[in-house]
Each structure stands twice: as structure tokens, then as C-alpha cells.
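Chemist: Numbering (my numbering), first residue to last: 31 to 93.
One structure, as C-alpha cells, below. Some questions next.
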């Protein structure tokens, strides 16, 4: 199921390729994503698919 959300990045885990937003939810980044451009405190708009308990990001816009 596809969904969209917007929020502030609270935590970045480059080893797990995940970000946690201020809503407390964790989202998995695509493997090709350059994690170095994502830092805590930035606002992002993401599109994601939720499958098997994992919120997989399909598109992201950094504000």
C-alpha cells in the first residue's frame, strides 16, 4: 500500500539504511540513496510502501 508523509528527520542509521521521523516511525532508504545528504533536523516529504512491517521509501524530497 503506497502512502505519503512529511516530517523532520530525528535519527539517521546509515548501517541499517533507515531514518526515523518526528512521528516516531522508521523508514527504510533505497539501497542507491546517498545517506550522507540526510542529516538530523531536515524536513523531508516521502512516498513509501508498507510491506511486511517495513516502510520502504520509494521517493523522497528534501526541503
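Yeah, the Cβ is synthetic: ideal placement off N, Cα and C, and Gly gets one too.
Could you tell me the distance, in whole angstroms, from the CA atom of residue 62 to the CA atom of residue 73?
Modeler: Position 32 of the chain shown holds residue 62. Position 43 of the chain shown holds residue 73. Distance between the alpha carbons of residue 62 and residue 73: 20 Å.
Chemist: Put residue 65 into one of helix, strand or coil per three-state DSSP.
Modeler: Looking up residue 65 in the chain shown gives position 35. Residue 65 falls in the helix class under three-state DSSP.
Chemist: For residue 92, count neighbouring Cβ atoms within 10 angstroms of its own Cβ and tell me buried if that reaches 16, exposed if not.
Modeler: For the purposes of this step, residue 92 is taken as the residue at position 62 of the chain shown. The residue is exposed, with fewer than 16 neighbouring Cβ atoms inside 10 Å.
Chemist: Determine, using beta carbons only, whether residue 58 and residue 86 come nearer to each other than 8 Å.
Modeler: Walking along the chain shown from the start, residue 58 turns up at place 28. Walking along the chain shown from the start, residue 86 turns up at place 56. In this structure, residue 86 lies closer than 8 Å to residue 58 by Cβ.
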